[in-house]
Structure formats: C-alpha cells, structure tokens
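> Below is a structure I'd like to ask you about.
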Amino acid sequence: MTHTNRVGIITGGAMGNGKGIAECLAKEGVKIAVFDVSDKIEMTITEFREKGYEATGYHVDIRDHKQIQVAVDDIINKWNKIDILVNNAGVMACRPFLEADDANRDFHIDVNLKGTWNVTQAVIPNMLKNKFGRIVSVASVTGAHVSDGADTAYALTKAGIIGFGKSIAMEYIREGITSNVVCPGYCRTPMVMQEAMEQYPDNPEEFFRQLAQSLPIKRLGQPEDIGGLIAYLTSDEASFITAQDIVIDGGCISPETGMECFED
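Counted the way my numbering counts, the sequence shown spans residues 181 to 444.
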C-alpha cells in the first residue's frame, strides 16, 4: 500500500479501534495526529514514538469547533498538509428507549454525528487546496444493518454516519477526495469491555467467550483488523473506491438461518 509522505488525523485514537487504526497507518509511514479527550493519549503517543513512528497528540473534544481548529492549524503548520482523516471517535451509552432522556440522546448525536461533521468540515479545506484527501468514517453494523434493543440513540447516529460519508463522497468526488464508511462488528475494545463488565462483573471473559461463540468466525475482531482495512482505503491504490459502506464483522450479519452446516 502506498502512503507516500502522507499526514493523517485519527479521532478517538488513544485506545481501542482508534489506536489500532493509528498504528496500522503509522506502520505504513503515515505521520499520525491523534485527537482524543482521554488522558491516555500521552501514553499512546509515547508508545508510538518509542516504536519509531512520527506521531503527535491533541486533547480535542470533537464537539468543540475551536479546539478542533486549533489542532488542525497546528498540524498544517507542523507538517504542511492533511491527507487522511479517520473519523473514529464515538460513544455508546445504551438505554431502553423510554428510559433514554434528551441528554442521553443528545450525547450520542453531539459526539457521533456532530463531532464527525465538525472535524470533517475543519479538514476538507486543506484537502481541497491540495486536491487530495482520504476520509474514512467509522460507523457500525448497528444502525443501518442490524440492531438490538436499547441501541436506539447509538443506532440512529451510526446509521447517520453512513449517509454523511456517502454525501461527502459525492460532493467532492471530482476534487481528489474519497470518502468511505467502515462498519465494524464486535471488536475487543474498551467500549466492549465496559459492556462485559456490566453483564459479567465477576468474569468479563465469559462475556467475550460467549460472544465469540455466537459469531460465525468464532472470534471477536481486533483493532488491527479494522486498521488494516482503513490503511487500504486511505492508500493511493484505493483511489477508485468512494461512497461505500463496508462491513467488517467476521460474517456476523450474513447467516440466513443461524444454523451451521460446516463439515468437520
């Protein structure tokens, strides 16, 4: 994959899928700028630098236009451009629909939808100037493809990201900018660990075991699985791929009946 002298922003890149995505891009030689609200960002950037990656971190709340713009301006001053944007930052605080108040609904909308909008709007002017850009937004299989109960606010926003990504793709298709959406299934991330702790506080690994057994591939995704796909979508070789939402879930949503028919 070709990422010659590329500069990329990864939101929510301090841990979980975001960290895996950032590291996959860094291994390809991309200069990495991580946006995150977590204090773990310093540890992640230190780890990346110790591995020889060119990386920097910014404490950014993607709901805040000013924080975003300050960071974007600093990246351009430091590295002259922004080639890649991965809108990975997101939240999940599931509630049954009738128990979900306005604050819970708006928390998802403000981070997952408005945050993705805000960072993209801050970055595209530089991409237009350079006639090159690769935007990948991370949605989920939840929303547009599947959903469980109590996922309403999360599903609403993740489905919205797909529409956003496709619209951006078509608006800038002749400007050298591609926009795609990646829809992961269950991955072993801090967000899923929180769910495991809620359901199996004494033995969260049992949650992961049962969840893995419910998937056709019999394992959860890893951040590096998502990162590998995004490394390709942001490469020069992926210039003909745009306006797509790509499911990466180990076959989770594909079975027709749920019955297995594998031979030993």
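For glycine and all other residues, C-beta sits at the position ideal for the given N, C-alpha and C.
What separation, rounded to the nearest whole angstrom, lies between the Cα atoms of K311 and T414?
Along the sequence shown, read from residue 1 onward, the residue named residue 311 stands at position 131. Along the sequence shown, read from residue 1 onward, the residue named residue 414 stands at position 234. If I take the Cα positions, the gap works out to 15 Å.
> Buried or exposed: where does G431 fall if 16 or more other Cβ atoms within 10 Å of its Cβ makes it buried?
Looking up residue 431 in the sequence shown gives position 251. Burial call: exposed.
> Just checking, does the region 207 to 222 make contact with the region 186 to 193 on the three C-beta pairs under 8 Å criterion?
Touching, per the Cβ criterion.
> If distances are taken between C-alpha atoms only, which option among F387, I397, Y380 and V318 comes closest to Q424?
Your numbering for residue 424 matches position 244 in the sequence shown. Taking only the C-alpha atoms, the option nearest Q424 is V318.
> Taking the beta strand (DSSP E) that H239 belongs to, which residues open and close that run?
On the sequence shown, position 59 is the one that residue 239 refers to. A235 to H239 is the extent of the beta strand (DSSP E) around H239.
> Measuring straight from C-alpha to C-alpha, what distance separates I357 and E227?
On the sequence shown, residue 357 is found 177 positions in, with the first residue counted as 1. On the sequence shown, residue 227 is found 47 positions in, with the first residue counted as 1. Taking the straight line from one Cα to the other gives about 31 Å.
> Tell me, which residues are paired with G188 by DSSP?
Translated into the one-based positions of the sequence shown, residue 188 becomes position 8. According to DSSP, which records beta bridges pairwise, G188 is partnered with I212 and I264.
> On the DSSP bridge assignment, give the partners of R314 in chain order.
Your numbering for residue 314 matches position 134 in the sequence shown. Per DSSP, I264 and T358.
> Please list the terminal residues of the continuous beta strand (DSSP E) segment that includes I428.
Taking the sequence shown and counting its residues from 1, one reaches residue 428 at position 248. Looking at the DSSP string, the run of the beta strand (DSSP E) that includes I428 is D425 to I428.
> So is A194 buried or exposed if we call it buried at 16+ other beta carbons inside 10 Å?
Here the question's residue 194 lines up with position 14 in the sequence shown. Buried, by the Cβ-count rule.
> How would you call N267, buried or exposed, if buried means at least 16 neighbouring beta carbons within 10 angstroms?
If you number the sequence shown from 1, residue 267 lands on position 87. Under this definition N267 is a buried residue.
> Give the list of continuous beta strand (DSSP E) stretches no shorter than 3 residues that lie fully inside the region 350 to 416.
The region 350 to 416 contains these whole beta strand (DSSP E) runs: 357 to 364.
> Rounding to the nearest angstrom, what Cα-Cα distance links L409 and A330 in this structure?
Along the sequence shown, read from residue 1 onward, the residue named residue 409 stands at position 229. Along the sequence shown, read from residue 1 onward, the residue named residue 330 stands at position 150. Those two C-alpha atoms are separated by around 29 Å.
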